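In this note's numbering, the protein residues as written are 9 to 403.
Set out below in structure tokens:
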């Protein structure tokens, strides 16, 4: 998001003091509440992506770690002052370093992909899921999770699925094959946990879910004759500033009227509004009027409309109230039409439509009655459910 105080874009887990940390997370997590309850619980989180590992671990994780640009598992000084990792994770890195740089091949029925082991491209192959599983099992055994008197938490993300999905779209053969590879990785993970934890899986609660779904790529949708398209935010910002200059004049002492955009959130420069002595609401409405002329735009709402509770009705209103964050969200926000995206990647996720909101939610373990339940559930129901099972306060 755009940080209005520093007038710079801010990465969600960036931290000027520690490099990366969870300090921008305004709430807490299941792992945090395990710690807050005073239990001698251990909390570990890992993922290929730093933000995934950090968000999963929360504020009080014993360690959150991720893959750095070199291809090693690494952490930040928030978790380890000298950036060192436990000896069991060092052993994993040593193994990775021994084979790094070799060519690896991903061969399937209808395609063959090659990459240099340790490169970003290699993480978009089964290799990414394999090293995630290796690190997870090393954590279980090295940190002795599930072997003490309290409930421990291991949270991990198979980030390969997301990384590859953006690159190829959900309808690609690559996504079909990576799902099969991840299924095998999960089997290896569960078998490893079963062997390591006293009593096996009967003493383990296992959850499989996701933080979002995804829509088919516009390229695929065009082939099957479904209305779709891409918005181009850079061009929209440029045109918006031209229109605002024409309406209110060029702001002196300010960068521009619209200074930033992220995920169709458009941020106005307060200095420009002050310099021209204009009402913020009028600037927002002028921007809204322009955006509503664009193909692919379904709804537009402004900060002032949010503050005055004048929002698009129905499901739009419900979703806006649950997701708009005044300190971080834009001054003018676009809700695109179904299957429209704002990015030049092949496919992405960022809407409130069903394809972006549907995700798996599987829970297995003691006290869980087996079955498929048709009752609607939200992924956010998971955290309080796990807290209830562990006897702690919900985040």
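Ideal Cβ positions, reconstructed from N, Cα and C, are used throughout, including at glycine. Here the structure is a predicted model, which means the values were calculated and not measured.
Out of curiosity, what's the CA-to-CA distance linking residue i and residue j?
i           : j           : result
residue 80  : residue 53  : 15 Å
residue 303 : residue 247 : 15 Å
residue 316 : residue 325 : 13 Å
residue 109 : residue 143 : 19 Å
residue 11  : residue 375 : 45 Å
residue 106 : residue 78  : 13 Å
residue 222 : residue 151 : 35 Å
residue 153 : residue 22  : 28 Å
residue 245 : residue 37  : 36 Å
residue 287 : residue 323 : 30 Å
residue 48  : residue 60  : 24 Å
residue 228 : residue 180 : 9 Å
residue 263 : residue 289 : 19 Å
residue 311 : residue 9   : 15 Å
residue 185 : residue 113 : 13 Å
residue 100 : residue 198 : 19 Å
residue 164 : residue 69  : 13 Å
residue 334 : residue 17  : 16 Å
residue 268 : residue 25  : 24 Å
residue 157 : residue 127 : 40 Å
residue 120 : residue 183 : 13 Å
residue 50  : residue 91  : 19 Å
residue 236 : residue 346 : 7 Å
residue 341 : residue 313 : 11 Å
residue 200 : residue 130 : 24 Å
residue 176 : residue 169 : 11 Å
residue 15  : residue 393 : 39 Å
residue 309 : residue 339 : 9 Å
Taking C-beta to C-beta, are residue i and residue j nearer than 8 Å?
i           : j           : result
residue 274 : residue 295 : yes
residue 7   : residue 320 : Residue coverage of the chain in this structure runs from 9 to 403, which leaves residue 7 outside it and unanswerable.
residue 369 : residue 385 : yes
residue 44  : residue 96  : no
residue 390 : residue 217 : yes
residue 357 : residue 350 : no
residue 71  : residue 87  : yes
residue 155 : residue 94  : no
residue 373 : residue 214 : yes
residue 174 : residue 355 : yes
residue 265 : residue 291 : yes
residue 42  : residue 161 : yes
residue 193 : residue 125 : no
residue 84  : residue 39  : no
residue 401 : residue 395 : yes
Candidates the options: which alpha carbon is nearest residue i's?
i           : options              : result
residue 172 : 74, 56, 389 and 312  : 56
residue 225 : 178, 207 and 239     : 178
residue 220 : 15, 378, 361 and 46  : 361
residue 259 : 349, 31, 27 and 279  : 279
residue 331 : 286, 75 and 271      : 271
residue 167 : 134, 347 and 236     : 134
residue 238 : 292, 33, 257 and 305 : 305
residue 33  : 355, 18, 13 and 67   : 67
residue 74  : 256, 29, 402 and 193 : 29
residue 20  : 208, 380 and 336     : 336
residue 204 : 146, 402 and 243     : 146
residue 136 : 76, 83, 231 and 353  : 76
residue 377 : 62, 210, 83 and 255  : 210
DSSP three-state call for residue i: helix, strand or coil?
i           : result
residue 222 : coil
residue 114 : strand
residue 298 : helix
residue 235 : coil
residue 33  : coil
residue 16  : strand
residue 278 : helix
residue 326 : helix
residue 406 : Any property of residue 406 remains undetermined from this structure, which presents the chain solely from 9 to 403.
residue 97  : helix
residue 181 : helix
residue 76  : coil
residue 262 : coil
residue 120 : strand
residue 91  : coil
residue 148 : helix
residue 372 : strand
residue 389 : helix
residue 309 : strand
residue 256 : helix
According to DSSP, what are the bridge partners of residue i?
i           : result
residue 10  : 17
residue 163 : 53
residue 23  : 27
residue 105 : DSSP, once it has assigned bridges, lists no residue as partnering residue 105.
residue 290 : Answer is none; residue 290 lacks a bridge partner.
residue 269 : 274
May I ask whether a heavy atom of the ligand FMN can be found less than 7 Å away from the beta carbon of residue i?
i          : result
residue 36 : Questions concerning the ligand FMN fall outside what the structure shown contains, since it holds no ligand whatsoever.
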